[in-house]
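Below is one structure, written out as structure tokens; comments come after it.
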Amino acid sequence: MSGLKLLALDTEDLSVISTHMQDSVFKLKDVAFEPKHGQFTLSANRFVWESTDKKNQPPERCRSVVFLKRVSAVRSQSINLADREQVLSLLAMRFKANGEGPDGLVELALSGGGTIALDVECIEAQLTDVSGAWETAAKPHHPDSE
1 MSGLKLLALD TEDLSVISTH MQDSVFKLKD VAFEPKHGQF TLSANRFVWE
51 STDKKNQPPE RCRSVVFLKR VSAVRSQSIN LADREQVLSL LAMRFKANGE
101 GPDGLVELAL SGGGTIALDV ECIEAQLTDV SGAWETAAKP HHPDSE
């Protein structure tokens with residue numbers, strides 16, 4: 001088990017979590033928002049980017065959970081909310097501040113153009129691996145970034 005545990009309290013930290021979560025796949029049913037507690041949870045099969053540097057190491061995925069706290073609202077765009085079994089792929093997590101304060105918007109950019117937008121009081125996110133890694137068929141490929 002890779003056992004990755006990361007905490008984000010600013011944009012640079014969130015960028016690190018975003019890098020590790022790039023190409024994670026999840027079903028819409030694995031997303032939860034608890035308004036009473038101000039917590040958004042995303043459970044996903046994360047591509048283990050940190051193992052791709054090892055020679056003769058096959059590509060791997062592991063089960064990971066991202067918790068975002070201090071969330072006041074969640075919106076989505078270009079996602080069929082009725083289809084809880086649809087598989088989505090996370091491309092990036094970005095923060096856009098509201099003025100100079102710590103509040104703003106955390107945007108989860110998905111392949112196919114969909115987005116999940118979280119209104120937050122400030123950045124407070126955690127990434128935790130919750131399973132061991134398993135072999136996967138292929139490494140994600142991004143032709144535009146090479």
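So that you can map any letter, position 38 of the sequence shown is 38 in full-length UniProt numbering, and since no number is skipped, the others follow by simple counting. Backbone N, C-alpha and C fix where the C-beta goes; we use that ideal spot for every residue, glycine too.
Label R75 either buried or exposed according to how many other C-beta atoms from any shown protein chain fall within 10 Å of its C-beta, with 16 as the threshold for buried.
Flag for R75 reads exposed.
Let me confirm a value: E146 is counted as buried when at least 16 other C-beta atoms fall within 10 Å, else exposed. Which label applies?
With a pLDDT of only 44 at E146, under 50, the local geometry of the prediction cannot be trusted, and the value read off the model is given with reservation. With fewer than 16 Cβ atoms within 10 Å of its Cβ, E146 is classed as exposed.
What does a CB cutoff of less than 6 Å around E121 pick up in its chain, not counting 5 residues either side in sequence?
R70, D103
So, at 6 Å on beta carbons, what are the nonlocal neighbours of V31 in its own chain, with the 5 sequence-adjacent residues on each side left out?
Cβ contact annotation for V31 (same chain, cutoff 6 Å, sequence separation greater than five): L42, in chain order.
Please go through the same chain and pick out, in chain order, the residues whose beta-carbon is closer than 6 Å to the beta-carbon of M1, but skip the five residues on each side of it.
Any answer about M1 is weak, because its pLDDT of 46 lies below 50 and its placement is not dependable; what the coordinates show is given next. Contacts found: G132.
Return helix, strand or coil for I17, following the three-state DSSP convention.
I17 falls in the helix class under three-state DSSP.
Please tell me whether R61 and W134 are closer than 8 Å, where the distance is taken between their beta carbons.
Between R61 and W134, the C-beta spacing is below 8 Å.
On the DSSP bridge assignment, give the partners of R75 in chain order.
A117
Residues in its own chain within less than 6 Å of T11 by CB, not counting five upstream and five downstream?
F95
Identify, in the order they occur along the chain, each residue of the same chain with its Cβ nearer than 7 Å to the Cβ of N80, setting aside the five sequence neighbours on each side.
Cβ within range, chain order: Q86.
Beta strand (DSSP E) segment containing L7, residue limits:
Looking at the DSSP string, the run of the beta strand (DSSP E) that includes L7 is 5-8.
Answer with buried or exposed for L68, where buried requires no fewer than 16 other C-beta atoms within 10 angstroms of its C-beta.
buried
Between the C-alpha atoms of K29 and A44, what's the straight-line distance to the nearest angstrom?
11 Å
Option nearest L91 by Cα separation, candidates H20, A8, D13:
H20
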